[in-house]
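Take the sequence shown: its position 37, counting from 1, is numbered 419 in this note's numbering, and each next residue is one higher. Every residue, glycine too, gets a C-beta built ideally from N, C-alpha and C. Contents: one structure, followed by commentary.
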Amino acid sequence: MPENRIAQSLLTMLGEPIMSTSLILPGEEGQLFDPYEIRLKIGNLVDLIIDGGACGLEPTTMVDLVEGVPEVKRVGKGDPHPFQ
383 MPENRIAQSL LTMLGEPIMS TSLILPGEEG QLFDPYEIRL KIGNLVDLII DGGACGLEPT
443 TMVDLVEGVP EVKRVGKGDP HPFQ
């Protein structure tokens, strides 16, 4: 989980795991990271947008848990060692 105060607060308040992903719209190549642009493009399609400012573009570590055995698909921000 990123070192982001909003994400960390949600984890604490919910007391449950959460899943997140980069926002790449169909037909687009790059991810959306600016809250204003996100609101313009999909604000009418979602219930809530939490505006924490623009986020970084550094890719995160991605782990596939579908088959039951963790498989690191992408190494980025976030320690992959617990899954190897």
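State the Cα-Cα distance for the pair V454 and Q390, rounded to the nearest angstrom. Going by the C-alpha atoms only, they are around 23 Å apart.
CA-to-CA distance, E398 to N386, given in whole angstroms: Answer to the nearest angstrom: the Cα atoms are 17 Å apart.
For a test of the three-state rule: what should DSSP assign to L414, helix, strand or coil? Of the three classes helix, strand and coil, the one that applies to L414 here is strand, per DSSP.
Within the stretch 386-414, ranges of the beta strand (DSSP E) (whole runs, at least 3 residues): The stretch 386-414 contains no whole beta strand (DSSP E) run of 3 or more residues.
Rank E411, L396, L405 and E440 by C-alpha distance to the C-alpha of I431 and give the top, closest one. Cα-wise, what sits closest to I431 is L405.
Taking K455 as part of the beta strand (DSSP E), name the residues at either end of that continuous run. Residues E453 to R456.
For G438, which of V428, I424 and Q413 has the nearest alpha-carbon? Taking the Cα of G438 as reference, the smallest distance to any Cα among V428, I424 and Q413 is reached at Q413.
Can you tell which of G434, P408, G450 and A436 has its C-alpha closest to the C-alpha of I424? Of the residues G434, P408, G450 and A436, the one whose Cα lies closest to the Cα of I424 is P408.
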